[in-house]
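Undergrad: As numbered in the numbering used here, residues 121 to 442 make up the sequence shown, in order. The beta carbon of each residue, even a glycine, is placed where N, CA and C say it ideally should be.
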Amino acid sequence: MTEPCKATSYPTEAELQTLTQRLHTRLTTRGRASLTRRQVRVLLQDVVLVASGLRPSCLVDCCALTTKQTTIVLEVLQNETNSGQWQWLETKHVRALQLDGNVFFVHVTAFVHEKMVELATDVNDPLVVNVNANLSRPQLVSKKSSATSRSRAKAFAKWTVSACKDLLLSTNELGVLEWKRPSTLAATAVAGRLLCYPYVYDTLEADESNKVVEMDTWSAQDNCLGLCPLWLLKTTIAIPSQQLEMVLQEFSIPQHLLDKGDAFCIDRGSRRDGRSLSPLLKVLRARCQLKLQRASDQSRWTTKDVQVQVRVEGRTLHRVAL
Numbered sequence: 121m122t123e124p125c126k127a128t129s130y131p132t133e134a135e136l137q138t139l140t141q142r143l144h145t146r147l148t149t150r151g152r153a154s155l156t157r158r159q160v161r162v163l164l165q166d167v168v169l170v171a172s173g174l175r176p177s178c179l180v181d182c183c184a185l186t187t188k189q190t191t192i193v194l195e196v197l198q199n200e201t202n203s204g205q206w207q208w209l210e211t212k213h214v215r216a217l218q219l220d221g222n223v224f225f226v227h228v229t230a231f232v233h234e235k236m237v238e239l240a241t242d243v244n245d246p247l248v249v250n251v252n253a254n255l256s257r258p259q260l261v262s263k264k265s266s267a268t269s270r271s272r273a274k275a276f277a278k279w280t281v282s283a284c285k286d287l288l289l290s291t292n293e294l295g296v297l298e299w300k301r302p303s304t305l306a307a308t309a310v311a312g313r314l315l316c317y318p319y320v321y322d323t324l325e326a327d328e329s330n331k332v333v334e335m336d337t338w339s340a341q342d343n344c345l346g347l348c349p350l351w352l353l354k355t356t357i358a359i360p361s362q363q364l365e366m367v368l369q370e371f372s373i374p375q376h377l378l379d380k381g382d383a384f385c386i387d388r389g390s391r392r393d394g395r396s397l398s399p400l401l402k403v404l405r406a407r408c409q410l411k412l413q414r415a416s417d418q419s420r421w422t423t424k425d426v427q428v429q430v431r432v433e434g435r436t437l438h439r440v441a442l
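1) If you scan the region 220 to 291 from start to end, which runs of the alpha helix (DSSP H) of 4 or more residues do you find wholly inside it?
2) At the level of alpha carbons, what is the spacing between valine 214 and proline 302?
3) Tell me, which residues are paired with arginine 431 by DSSP?
4) Taking a contact to mean a Cβ-Cβ separation below 7 angstroms, would you say leucine 294 touches glutamate 195 in this structure?
5) Which residue from Arg175, Ala277, Thr355 puts its Cα closest to that of leucine 404?
6) Note down, one range per segment and in chain order, each alpha helix (DSSP H) of at least 4 residues found wholly within the region 127 to 165.
7) Locate the beta strand (DSSP E) running through serine 372, then write down its first and last residues.
8) Which same chain residues, not among the five before or five after serine 398, have their C-beta less than 6 angstroms away from its C-beta?
9) Beta-carbon separation of threonine 211 and alanine 171 under 7 angstroms?
10) Helix or strand or just coil, what does DSSP make of methionine 335?
11) Where does glutamate 200 land, buried or exposed, given buried means 16+ other C-beta within 10 angstroms?
12) Is threonine 138 buried or exposed, if buried means 16 or more other CB atoms sit within 10 Å of its CB?
13) Could you check how far apart the C-beta atoms of threonine 280 and arginine 313 are, in whole angstroms? I think they sit under 8 angstroms.
14) By a C-beta neighbour count over all protein chains shown, 10 Å radius and 16 as the cutoff for buried, is aspartate 417 buried or exposed?
15) Touch check for the region 179 to 188 and the region 259 to 276: three-plus C-beta pairs under 8 angstroms?
16) Closer than 8 angstroms by C-beta to alanine 275: which residues in its own chain qualify, once you throw out the five before and the five after it? Chain order, please.
17) Just to confirm, are valine 160 and leucine 143 a CB contact at a threshold of 7 angstroms?
18) Residues in the same chain with beta-carbon distance under 7 angstroms from glycine 346, minus the five sequence neighbours each way, listed in chain order, please.
19) Looking at the unbroken alpha helix (DSSP H) that takes in serine 416, where does it start and where does it end?
20) Would you give the residue range spanned by the beta strand (DSSP E) that valine 296 belongs to?
21) Taking C-alpha atoms, which residue in Gln409, Arg414, Ser372, Gln429 lies nearest to valine 248?
22) Name the residue from Asn202, Leu353, Val296 whose alpha carbon lies nearest to the alpha carbon of glycine 221.
23) Have a look at Leu169, Thr156, Arg146, Thr145 and flag the residue whose alpha-carbon is nearest the alpha-carbon of proline 131.
24) Report the three-state DSSP secondary structure of arginine 215 (helix, strand or coil).
25) Would you mind reading off the limits of the alpha helix (DSSP H) that contains valine 196?
26) Distance check for isoleucine 359 and phenylalanine 225, CA to CA, integer angstroms please.
27) For the alpha helix (DSSP H) that leucine 179 lies in, which residues bound it at each end?
28) Decide if valine 228 is buried, meaning its Cβ has at least 16 other Cβ atoms within 10 Å, or exposed.
29) Can you check which of these residues, Glu370, Lys285, Ala184, is closest to lysine 235 by C-alpha distance?
30) So leucine 209 and leucine 217 are in contact, right, with Cβ under 8 angstroms, and what is the actual spacing, rounded?
31) Within this structure, are the beta carbons of leucine 289 and serine 177 separated by less than 7 angstroms?
32) Is the separation between the beta-carbon of leucine 352 and that of arginine 407 shorter than 7 angstroms?
33) Determine the extent of the alpha helix (DSSP H) in which valine 310 is found, giving its start and end residues.
34) Would you call serine 419 buried or exposed, if buried means 16 or more other Cβ atoms sit within 10 Å of its Cβ?
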């Protein structure tokens, strides 16, 4: 049995620029130059990381893609794979899905594996953070939370299982899956689930009405994260030989949910070394490190000098947009 093709190095900047030009040409046919080359370059890097299996998913936030343009992106990647240029891309496992007008690219195998591990470890205590603007500070939804909060946590678990089933049943025929967000789940939290963040922000009301702030759109919503000290975690992959470093995932978590005592003494923009981190933050960082290393090991792309890192920084912002 033939071994799956593995790339010995990440594509060079020249190779990426060449593919960027081809993709940009396809996307701007008929004289409609709605996307700049820079936007296409950013989009391509995100999608390549997903197609390689290094990222389970990505949200297209560098530009607005139509359904036709999204299909073209899939076609170009498939053509590159079929031509033998980028055989290490697992294009057949990549799906594009549209949710509330937003486009996500998902690596089915990597995403489902990630979610099955998540459900197996967190099903009894989902990592959902309530950031309703009426709260004095963010609260972790747990077993001790209200019945409504626990019910919504279970709803997220149910939605996750349903999403995995839909992806597994989908085919690799070029096209865009159109998903509808459940009316009871907030857009920000659903996006966090799709992007496989360890923590997701929700906007639960304080009463038992099971309502969520801002249910119909993805516009910015009020929350209590402003002036709340946050831990910002970035997972990165670096290739020193190519002088290349890429951020795979970036998310935040309120410091007081992981720290004890000194949670509000961290200066804005400060960076913490491993020795000064709280036990819970160390566990979270280790978890992210293991996830990233596992993704690197299972990816069809590999190189000898690859380095995976999880950086932790303290941040306090006057306003946080969700």
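TA: According to the structure shown:
1) Taken in chain order, the complete alpha helix (DSSP H) segments of 4 or more residues contained in the region 220 to 291 are 228 to 242, 267 to 289.
2) If you number the sequence shown from 1, residue 214 lands on position 94. If you number the sequence shown from 1, residue 302 lands on position 182. Rounded to whole angstroms, the separation of the alpha carbons of proline 302 and valine 214 is 23 angstroms.
3) Taking the sequence shown and counting its residues from 1, the one referred to as residue 431 is at position 311. Paired residue(s): Lys354.
4) Stepping through the sequence shown from its first residue, residue 294 is reached at position 174. Stepping through the sequence shown from its first residue, residue 195 is reached at position 75. Taking the C-beta atoms as reference points, glutamate 195 is found nearer than 7 angstroms to leucine 294.
5) Position 284 of the sequence shown, counted from the start, is the residue given in the question as residue 404. For the residues Arg175, Ala277, Thr355, the minimum Cα distance to leucine 404 belongs to Thr355.
6) Fully enclosed alpha helix (DSSP H) runs of 4 or longer: 133 to 147.
7) The sequence position of residue 372 within the sequence shown is 252, counting from 1. Serine 372: member of the beta strand (DSSP E) spanning 364 to 374, first to last residue.
8) Here residue 398 refers to the residue found at position 278 of the sequence shown. Cβ within range, chain order: Leu378, Asp379.
9) Working through the sequence shown from its first residue, we reach residue 211 at position 91. Working through the sequence shown from its first residue, we reach residue 171 at position 51. A distance below 7 angstroms separates the beta carbons of threonine 211 and alanine 171.
10) Here residue 335 corresponds to residue number 215 of the sequence shown, with the count starting at 1. Confidence at methionine 335 is low in this model, with a pLDDT of 48, below 50, so its placement is unreliable and the value that follows should be read with caution. In the three-state reduction of the DSSP assignment, methionine 335 falls in the coil class.
11) Your numbering for residue 200 matches position 80 in the sequence shown. Label assigned to glutamate 200: buried.
12) Residue 138 sits at position 18 when you count from the first residue of the sequence shown. Exposed: under 16 other Cβ atoms inside 10 Å.
13) Indexing the sequence shown from 1 puts residue 280 at position 160. Indexing the sequence shown from 1 puts residue 313 at position 193. Correct: roughly 6 angstroms between the Cβ atoms.
14) Here the question's residue 417 lines up with position 297 in the sequence shown. The residue in question, aspartate 417, is exposed, as its Cβ has fewer than 16 Cβ neighbours within 10 Å.
15) Counting Cβ pairs under 8 angstroms, fewer than three are found: no touch.
16) Taking the sequence shown and counting its residues from 1, the one referred to as residue 275 is at position 155. By the criterion of a C-beta distance shorter than 8 angstroms, alanine 275 is surrounded in its chain by Pro302, Thr304, Leu305, once the five residues flanking it on both sides are discounted.
17) For the purposes of this step, residue 160 is identified with residue 40 of the sequence shown, where counting begins at 1. For the purposes of this step, residue 143 is identified with residue 23 of the sequence shown, where counting begins at 1. Taking 7 angstroms as the Cβ cut-off, valine 160 and leucine 143 qualify as a contacting pair.
18) As a working mapping, residue 346 is identified with position 226 in the sequence shown. The beta carbon of glycine 346 lies closer than 7 angstroms to those of Leu437, His438, Arg439, Val440 in the same chain, with the five residues before and after it left out.
19) Taking the first residue of the sequence shown as 1, we reach residue 416 at position 296. DSSP places serine 416 inside the alpha helix (DSSP H), whose first and last residues are 399 to 418.
20) Numbered from 1 along the sequence shown, position 176 holds the residue referred to as residue 296. Its beta strand (DSSP E) spans residues 296 to 299.
21) Here the question's residue 248 lines up with position 128 in the sequence shown. Considering only alpha carbons, the answer is Ser372.
22) Reading the sequence shown from its first residue, position 101 is the one you call residue 221. Ranking the options by Cα distance to glycine 221, first place goes to Val296.
23) Within the sequence shown, the letter at position 11 stands for residue 131. Cα-wise, what sits closest to proline 131 is Leu169.
24) Within the sequence shown, numbered from 1, the residue matching residue 215 stands at position 95. Of the three classes helix, strand and coil, the one that applies to arginine 215 here is strand, per DSSP.
25) As a position in the sequence shown, residue 196 is number 76, starting the count at 1. 187 to 202 is the span of the alpha helix (DSSP H), which, as asked, contains valine 196.
26) By one-based count along the sequence shown, residue 225 stands at place 105. By one-based count along the sequence shown, residue 359 stands at place 239. Each residue's CA atom was taken as its position, placing phenylalanine 225 and isoleucine 359 some 24 angstroms apart.
27) Along the sequence shown, one-based indexing puts residue 179 at 59. Counting along the chain, leucine 179 falls outside any alpha helix (DSSP H), though it belongs to the beta strand (DSSP E) covering 177 to 179.
28) Taking the sequence shown and counting its residues from 1, the one referred to as residue 228 is at position 108. By the Cβ-count criterion, valine 228 is buried, with 16 or more other Cβ atoms from all chains shown falling within 10 Å of its own Cβ.
29) If you number the sequence shown from 1, residue 235 lands on position 115. Of the candidates Glu370, Lys285, Ala184, the one whose C-alpha sits nearest the C-alpha of lysine 235 is Lys285.
30) To locate residue 209, count along the sequence shown from 1; it is residue 89. To locate residue 217, count along the sequence shown from 1; it is residue 97. The Cβ separation is near 18 angstroms, so there is no contact.
31) Along the sequence shown, read from residue 1 onward, the residue named residue 289 stands at position 169. Along the sequence shown, read from residue 1 onward, the residue named residue 177 stands at position 57. Contact: no.
32) Indexing the sequence shown from 1 puts residue 352 at position 232. Indexing the sequence shown from 1 puts residue 407 at position 287. No. Outside cutoff.
33) For the purposes of this step, residue 310 is identified with residue 190 of the sequence shown, where counting begins at 1. Run containing valine 310: 307 to 314, per the alpha helix (DSSP H) assignment.
34) Residue numbering aside, residue 419 sits at position 299 when the sequence shown is read from its first letter. It is buried - the Cβ of serine 419 has at least 16 other Cβ atoms within 10 Å.
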